[in-house]
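In this note's numbering, the protein residues as written are 259 to 1138.
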């Protein structure tokens, strides 16, 4: 977590002076990066997305690092602001400036079509037709789309990006994603954009075959007599308008009883024009299993078939048999059931903040003035065996797909928990890391557990309680209703039925086994809330008021909001803390102990340690319960700097108030500041007071903190000596080296790094001593030095194609041609991204730096064809 977390509460006071919208959010990010000694220039990062959550009024801003306008994969970061402008959470994954590279390396040698050819050759694909560019007006400049070539289920995205390789070096790559025609693989291949070398390949298809920790026992349909085969309307009943005959919520499968007929189920807020709208106007536009929220289609032996309800939208009286056979596939009943459940999940989660602003699945947005994405596509009765798949994108713009399989004689289209599970994969994909992908691939990932959990939450029946055994997938896999399901243990808060704790993830499979342990933790937490606040059958009845919302309503709201607050690739403790934070942002402090103790019982107590979220084997469990009275954890001495020392913590349980001489409570229930101009130097007594809650006694605790003078200079390490070759008689402009210094300070205050000689000083050949100085806020300074040697290489000509570059990139109103050999530049031709010639500029001179006015060109990407005396080079220019 960013250390600037500790210095940003005063930003709330600045809120009224800042411009609204994206500019204000950009200022926050710039300040966060600057406070952490990271490159904060506008061209070093981009905002991916941002929205205000409808459940908590928290502003969620997602951003990532970029170089020369090209994203740096794995640096997805976020900052989350309360309604008053205070920072609720911040997660930084930026790489230090020492990993920066020359902008020239941001120009690929291979074009995107060549990258596809390298990727398909590596994966041994056999294209059936050419790969043709697919036009799209809303794609970022680094993403190119190509036709499927006969090898992919959809258009192939090719993205230009920087990645960190195994040697901790930055490489420019083309990332190619191919969704194979038979659904067996969704191959992600990265091709070095300069050498053409394939450096990475991975199957990113999310299979829900429940591999690893599974106990699949087909029991020859032992419960077939328990399932009703018919629930059709009597002959004397009238035709039903806008009706669906389904296993309606909260039924989890045919084991729960007969199908029922649901009439006009569309939520008037989430789906104001019904489930069959496609144009954003009153009235249904489709009479089949498709609409604004979902597109449901058979993809087995009746490829492309959709059920029709006619003009009355009457999706009833479709024949149904729980035993799937080629002769009796119950296609219409399956399509209708999946259509109903996909729309139901869409409408329910809309009320909990998974709405148009946060990127839900809709073809048309009714409320948000944000780019439309797409509806969820569900492919029913696909030939994938005992599986269900979720297929995400890689660019954040592809339609997401859930594929429902048939397991011998059972159709997953009637196992409602599995339908919800697959849909929830899309929600997890969109909310964690803001739909950029790559945020849920770590070993300690909880994806499968989140997906199981929502399926369980939407199928709670009146007879259920916290100790009820809730197996997962037993209908689909042909098990009896009370069987243990396909997870190692059924879901239950009863330890005799499910004994797993945090330590068990070390032996569990990734992702299903690890995910199921997390799923049971939040399932138990949900039941703790239900036991305390009751259950509401109206799953859209969210108010955000702790005195009105039932426990199940609270649980859904908290978990979905927490996903938005998490860092990319979170671990169990990251997720636990995000859930606690989400509860505070929606309901305040009253439920803190209920939620915390649910996790503590399963090993995520106060002293639990997560280790790296990329490993499921380095955590440590702890069962320490929530403190029942005020106390202090150990506090470190504080540096005196005659000013404000911010973001200090130590009081437990959270939600109390700090006081003392010079102590300023930050008002967030967690942290405080010390005004050292008031406290002075020496021992300072701090008091922490908590109010009475359902599980905390009103009480006070005190501690003593030593405030000492900061008289220790920062530590600074310079880079190794650097040598650069220059032509004879030339001078070289000195770059800035401050970002290459490694700096630390004993007081964790802001440190300023300066350079002598200053950046952009012109130097000739020879050895030059560069001094870098680090100065802390108390005025303590330290130095380091290194040699910068400029070596003359004679009057030999440099390779025109290698050395001629454009800078800066991205450009503003001016871009310069860097021509280090000072060879003659004759002409420059400027083309747009489609190849249209926009202009021709005569240069006809020999200079190292040749500025060009590009103020007349709109923001976007252009190609500069730079013609010299004997050679020509093509460079891409991105204009802000």
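Heads up, the beta-carbon is just placed ideally off N, CA and C, and yes, glycines get one too.
query	result
Cβ pair residue 1071, residue 1025 closer than 8 Å	no
Burial state of residue 444, where buried means 16 or more other Cβ atoms lie within 10 Å	buried
Start-to-end residues for the alpha helix (DSSP H) that takes in residue 555	Segment 552 to 556 is the beta strand (DSSP E) holding residue 555; no alpha helix (DSSP H) there.
Any non-hydrogen atom of the ligand SAM within 7 Å of residue 365 CB	Judged by which ligands are present, the structure shown has none, so any question about the ligand SAM falls away.
Closest residue to residue 746 among 721, 776, 718, 717 (Cα-Cα distance)	776
Those residues which DSSP pairs with residue 1042 across a bridge	1030
Where the alpha helix (DSSP H) through residue 497 begins and ends	Looking at the DSSP string, residue 497 is not in any alpha helix (DSSP H), and its letter there is neither H nor E.
Cβ pair residue 589, residue 548 closer than 8 Å	no
Outcome for residue 625 when other beta-carbon atoms lying within 10 angstroms are tallied against a minimum of 16	exposed
CB of residue 1018 within 8 Å of CB of residue 1028, strictly	no
In DSSP terms, what residue 410 is bridged to	438
Cβ contact check for the segment 659 to 667 and the segment 637 to 650: 3 or more pairs under 8 Å	yes
Cβ shell of residue 388 (< 8 Å), same chain only, five flanking positions each side left out	405, 407
Residue 346 versus residue 836: straight-line alpha-carbon distance, rounded	10 Å
Cβ separation of residue 638 and residue 591, assumed to be a contact under 8 Å, to the nearest whole Å	So it is not a contact: roughly 10 Å between Cβ atoms.
Three-state class that DSSP yields for residue 976 in the structure shown	coil
Buried/exposed call for residue 812, threshold 16 Cβ in 10 Å	buried
Nearest-angstrom Cα separation, counted from residue 1090 out to residue 787	58 Å
Exposure label - residue 339; buried when at least 16 CB within 10 Å	buried
From 1115, 1083, 350, 1059, residue whose alpha carbon lies closest to that of residue 1132	1059
Pick from 288, 302, 602 that is closest to residue 1068, judged by C-alpha positions	302
Opposing strand residues paired with residue 303 [DSSP bridges]	323
Residue from 905, 985, 886 with nearest C-alpha to residue 948	886
Nearest residue (CA-CA) to residue 688, options 719, 713, 656	656
Exposure of residue 611, with buried meaning 16 or more beta-carbon neighbours within 10 Å	buried
Through-space distance from residue 818 to residue 756, alpha-carbon basis	24 Å
Cβ separation of residue 1034 and residue 999, assumed to be a contact under 8 Å, to the nearest whole Å	The pair is not a contact, with the Cβ atoms about 14 Å apart (cut-off 8 Å).
Span separating the alpha-carbon of residue 913 from that of residue 528	35 Å
Element boundaries [alpha helix (DSSP H), containing residue 603]	589 to 608
Pair within 8 Å by beta-carbon distance, residue 417 and residue 652	yes
8 Å Cβ cutoff met for residue 1149 and residue 797	Outside the shown range of the chain, which is 259 to 1138, sits residue 1149, and nothing can be said about it.
Close Cβ partners of residue 773 (< 8 Å) along its chain, the five nearest in sequence each way excluded	703, 704, 705, 706, 707, 708, 709, 710
Closest residue to residue 563 among 541, 582, 594 (Cα-Cα distance)	594
Distance CB(residue 856)-CB(residue 840) smaller than 8 Å	no
Contact under 8 Å by Cβ, residue 1108 with residue 1083	yes
Coarse secondary structure for residue 288, derived from DSSP in three states	helix
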